[in-house]
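Using this note's numbering, the letters of the sequence shown map in sequence onto residues -10 to 187. Here the structure comes first, spelled out in structure tokens, and everything after it is commentary.
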Amino acid sequence: MSARGRPRGFDRDAALDAATLLFWLQGYAATSMAELCQAMGIASPSLYAAFGSKEALYAEAIARYAETYGPLIWGPLEAGESARAGVEGLLMASAALLPAGERPGGCMITLSLGGDCQPELRALLRQGREKGLRRIEARLERGREAGDLPPGADIPAMARFYLGVQQGMSVQARDGASREELEQIARNALRAWDTLAG
């Protein structure tokens, strides 16, 4: 129901999903309000009434992307029986999900570097990427506590390396890399595990 008690004439969730896909494909600045209205199947007044502004809609789209696709990418990191298995799961899940198909290629948060949007949105995107780094660090730290990694392992450096690999896979996927090509990147990165772990 709207603030005036009248039923909304569109499915807000479906409209948000459509906006998320468009932002994911084109980025924030390159996506016009007219394109958003067309993709969402609503008129401009309805968009503003439901979402407030383009900036607010983009913030909701980032949140929708994270809640929809985040568990598919990050779940295997947590599910791995060892720290190495967790990182391998993260990279292989990324290789499976990042190539273009029914969805745009790459990770929306990684590819939205924020230079084309408001400072608040840049901060939101940076926080999303920082959260990924912290997740890897936490999994590696648990691995060290369990004996998967030596006491002297440089956890922050390892986490940043593997996040960088995953982010690079996202860019490669946007440029057309296949699942097989991304899996090869992942396997090559995992060969560095013992060296990085010290």
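The beta carbon of each residue, even a glycine, is placed where N, CA and C say it ideally should be.
For R123, the closest alpha carbon among the candidates D137, A146, L110 is that of A146.
Your pair R1 and A39 checks out as a contact, with CB atoms roughly 6 Å apart and the cut at 8 Å. Annotated as proximal: S83 and I62, with beta-carbon spacing under 7 Å.
Secondary structure of T9 (DSSP, three-state): helix.
DSSP places D137 in no alpha helix (DSSP H); its state is neither H nor E.
Setting aside the 5 residues that flank it on each side, L87 is surrounded in the same chain by G94, G95, C96, M158, S159, A162, L171, each with a C-beta closer than 7 Å to its C-beta; the list follows chain order.
Each of R133, G153, Q107, G132 was checked against the Cα of E44, and the nearest Cα belongs to Q107. A residue is called buried when at least 16 other Cβ atoms come within 10 angstroms of its Cβ; P34 does not meet this threshold and is exposed. Here G(-2) is exposed. Its C-beta has fewer than 16 other C-beta atoms within 10 Å. For S42, the secondary structure class from DSSP, reduced to helix, strand or coil, is coil. For C96, the secondary structure class from DSSP, reduced to helix, strand or coil, is coil.
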